[in-house]
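Novice:
Number of protein chains: 2
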Amino acid sequence: MTEAAQTADVALDPRGISTRARILDSAEYLFSEHGVNGASLRTIVAHAGVNTAAINYHFGSKKGLLEAVFARRILPIAEERLKQLTACRDGDGRPPLLHQIISAFLEPGMRGRHGGATFARLRARMAADASDDTRALMAHYFDGSSTQFLEALAAALPDLPARDLHWRFHYLLGTMVYTMANPGRIQALTNNSCNPSDMDASLAYLVPYLAQCFQADPIPEAPLRFEPGHKTE
Amino acid sequence: MTEAAQTADVALDPRGISTRARILDSAEYLFSEHGVNGASLRTIVAHAGVNTAAINYHFGSKKGLLEAVFARRILPIAEERLKQLTACRDGDGRPPLLHQIISAFLEPGMRGRHGGATFARLRARMAADASDDTRALMAHYFDGSSTQFLEALAAALPDLPARDLHWRFHYLLGTMVYTMANPGRIQALTNNSCNPSDMDASLAYLVPYLAQCFQADPIPEAPLRFEPGHKTE
DNA sequence: AGCTTAATCAAACGCTTGTTTTAGTCAACT
DNA sequence: AGTTGACTAAAACAAGCGTTTGATTAAGCT
Numbered sequence: 004m005t006e007a008a009q010t011a012d013v014a015l016d017p018r019g020i021s022t023r024a025r026i027l028d029s030a031e032y033l034f035s036e037h038g039v040n041g042a043s044l045r046t047i048v049a050h051a052g053v054n055t056a057a058i059n060y061h062f063g064s065k066k067g068l069l070e071a072v073f074a075r076r077i078l079p080i081a082e083e084r085l086k087q088l089t090a091c092r093d094g095d096g097r098p099p100l101l102h103q104i105i106s107a108f109l110e111p112g113m114r115g116r117h118g119g120a121t122f123a124r125l126r127a128r129m130a131a132d133a134s135d136d137t138r139a140l141m142a143h144y145f146d147g148s149s150t151q152f153l154e155a156l157a158a159a160l161p162d163l164p165a166r167d168l169h170w171r172f173h174y175l176l177g178t179m180v181y182t183m184a185n186p187g188r189i190q191a192l193t194n195n196s197c198n199p200s201d202m203d204a205s206l207a208y209l210v211p212y213l214a215q216c217f218q219a220d221p222i223p224e225a226p227l228r229f230e231p232g233h234k235t236e
Numbered sequence: 004m005t006e007a008a009q010t011a012d013v014a015l016d017p018r019g020i021s022t023r024a025r026i027l028d029s030a031e032y033l034f035s036e037h038g039v040n041g042a043s044l045r046t047i048v049a050h051a052g053v054n055t056a057a058i059n060y061h062f063g064s065k066k067g068l069l070e071a072v073f074a075r076r077i078l079p080i081a082e083e084r085l086k087q088l089t090a091c092r093d094g095d096g097r098p099p100l101l102h103q104i105i106s107a108f109l110e111p112g113m114r115g116r117h118g119g120a121t122f123a124r125l126r127a128r129m130a131a132d133a134s135d136d137t138r139a140l141m142a143h144y145f146d147g148s149s150t151q152f153l154e155a156l157a158a159a160l161p162d163l164p165a166r167d168l169h170w171r172f173h174y175l176l177g178t179m180v181y182t183m184a185n186p187g188r189i190q191a192l193t194n195n196s197c198n199p200s201d202m203d204a205s206l207a208y209l210v211p212y213l214a215q216c217f218q219a220d221p222i223p224e225a226p227l228r229f230e231p232g233h234k235t236e
């Protein structure tokens, strides 16, 4: 009552928890918008409406804050990925369908439940920003997940050589990351004929498209020579 | 002669040009390795072996330096892209082959002639880092180039709806950027069965693969429903 | 020769960064 | 009611940032 902040706008929450959560939300947003280096702690505390020391009190350091922001979303995402993968494995026939594997890998991170487009953009930034710390952080949280999906894909595509499978999974990651990182990129290019900031629409195209790409013929080891009479299809 | 730097280790170059070029080389390397924010001007001048003020003298500001680094590579790349595109247009039949268009778009930037893997990594970082300045810089240098390739692709794929073409070109960009950004990423995942840090090997797979992806059937507007009996091929 | 211009240097500028300190407030428990 | 401990507030910290300064040197020109 001595100051001015005891009116009613903080009545919603018992103070402590709210502060922590507000920092996480603001940091997630500003990290994703301006990059981890580009968003200063002062910008974050100003956006969250908390004190400068709160970040170091709750998270120890900026690095600790980033890890908390990242872990809060990525753990449920990884969990749901596996849940969806095993769910469609037990479903009808034995092997999960290609669509289902790809959807199980992409959907949890791109739809709105776990941070949505904001956290997706942060993930994409971190994938490219890639300081040593960031690289270690992502490697730590992503390690097991990818191999399980690679195995599921291999089971669904028994005729595809491992070399092709690995390249195409690598390209899947690139396509996913780029789509998450660049909302509104092709809109300018194509007069709004497609809208990648709408993750639902992105997924609706991306999943069946990637399924087709995985099903395409293997690429021969020797590079193709372009002969004059060769047709495009 | 009054100081110590007049011995012989700078005898290779008439001073001025060498300083500028060394700054450009060091900046390109350090920007690509640690990001634009992550590489300080002091790190760059130390790596280049020049004075702190040299950067602002030659390039005005850090932003000016980045633009100079970028322009030095991207202009010849854009030029060679168009040269390759028109070359295969005039070649045999009328429309360039799909492989040729994709190769003309990817090859100049990924092979070694224009900065090679180092500059490729920088481009990939800038594509994701995307502060307002970086975004404006890339937009300025990439504007016209992409539309010409989109038109060539449309001519080579007359049956593909524009919507599919735009999405797939967007995915091409993502695949390219991710491959340039993450050398050595899948190696750890797949026990060295593929090596994306070798841009030649990457291109040898990427070009025919992307050609197949562009030729795949259009994706229907309405999202596919996964019916129980649906097979994966 | 003398004057002018371009390039380089050491040093410092003001500012922002992440982090820490010191003091204080509030809620809860015995 | 009083004490404790979780938490916040405001200010300051050292370090690093991009940038600027003013002096010094080398080269070009008439």
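Quick mapping for you: the protein sequence lines, in order, are chains S and C.
The opening position of the first sequence corresponds to residue 4 in our numbering, with each subsequent residue numbered one higher.
The opening position of the second sequence corresponds to residue 4 in our numbering, with each subsequent residue numbered one higher.
Virtual Cβ for every residue (Gly too), placed ideally from N, Cα, C.
1) With a threshold of 9 Å between beta carbons, is C:Q215 in contact with chain S?
2) Nearest-angstrom Cα distance between C:D16 and C:T22?
3) Check whether the Cβ of C:P226 lies closer than 9 Å to any Cβ atom in chain S.
4) In angstroms with no decimal places, state the Cα-to-Cα distance between C:T235 and S:L100.
5) Using a Cβ distance threshold of 8 Å, determine whether the segment 114-134 of chain S contacts the segment 121-138 of chain C, with at least three qualifying pairs required.
6) Sorted by chain position, which residues of the same chain lie with C-beta nearer than 8 Å to C:N54's C-beta, five sequence neighbours on each side aside?
7) For C:C107 and S:F145, I'd like the C-alpha separation in whole angstroms.
8) Which residues, in order along the segment 109-140 of chain S, keep a beta-carbon less than 8 Å from a beta-carbon of chain C?
9) On the premise that C:H102 lies in contact with C:V210, defined as a C-beta separation below 8 Å, what is that separation, rounded to the nearest angstrom?
10) At a cut of 8 Å, does the segment 110-125 of chain C reach the segment 28-39 of chain C through at least three beta carbon pairs?
11) Against C:V180, what residues of chain S qualify as contacts under a CB-to-CB distance less than 7 Å, listed in chain order?
12) Three-state secondary structure (DSSP) at S:L88?
13) What did DSSP end up calling C:T55 once you bin it into helix, strand or coil?
14) So which residues of chain C does S:A219 contact, with C-beta pairs closer than 8 Å?
15) Closer than 6 Å by C-beta to S:P111: which residues in its own chain qualify, once you throw out the five before and the five after it? Chain order, please.
16) Strictly below 9 Å CB to CB, what residues from chain S border C:G38?
17) Using a C-beta cutoff of 9 Å, does C:A1 count as contacting chain S?
18) Just verifying my parser: in three-state terms, what is the DSSP assignment at S:S64?
19) With a threshold of 16 other CB atoms inside 10 Å of the CB of S:Y208, please say whether the residue is buried or exposed.
Specialist: Concretely, from the data shown:
1) So, interface residue.
2) A caution first: C:D16 carries a pLDDT of 41, below 50, which makes its placement in the model unreliable, though a value can still be read off. So the alpha carbons of these two residues sit roughly 9 Å apart.
3) Per-residue confidence for C:P226 stands at a pLDDT of 49, beneath the threshold of 50, marking its modelled position as unreliable; the derived number appears in the next sentence. True, the Cβ-Cβ gap to chain S drops below 9 Å.
4) Low confidence applies here, because C:T235 scores a pLDDT of 40, under 50, leaving its location unreliable; read the following figure in that light. So the two alpha carbons sit approximately 6 Å from each other.
5) yes
6) Same-chain partners within the cutoff: V48.
7) For the sequence presented, residue 107 of chain C should be read as Ala rather than Cys. The alpha-carbon atoms of C:A107 and S:F145 are separated by roughly 35 Å.
8) A127, R128, A130, A131, D132, A133 and S134
9) 6 Å
10) yes
11) G177 and Y181, listed in chain order.
12) Per DSSP, reduced to three states, the secondary structure at S:L88 is helical.
13) coil
14) The contacting residues are Y212, Q215, C216 and A219.
15) I80, E83 and R84
16) Near C:G38 (Cβ distances below 9 Å), the residues of chain S are G38, N40, A131, D132, A133 and S134.
17) With chain C represented from 4 up to 236, any question about residue 1 of chain C goes unanswered, as that position is not in the structure.
18) coil
19) buried
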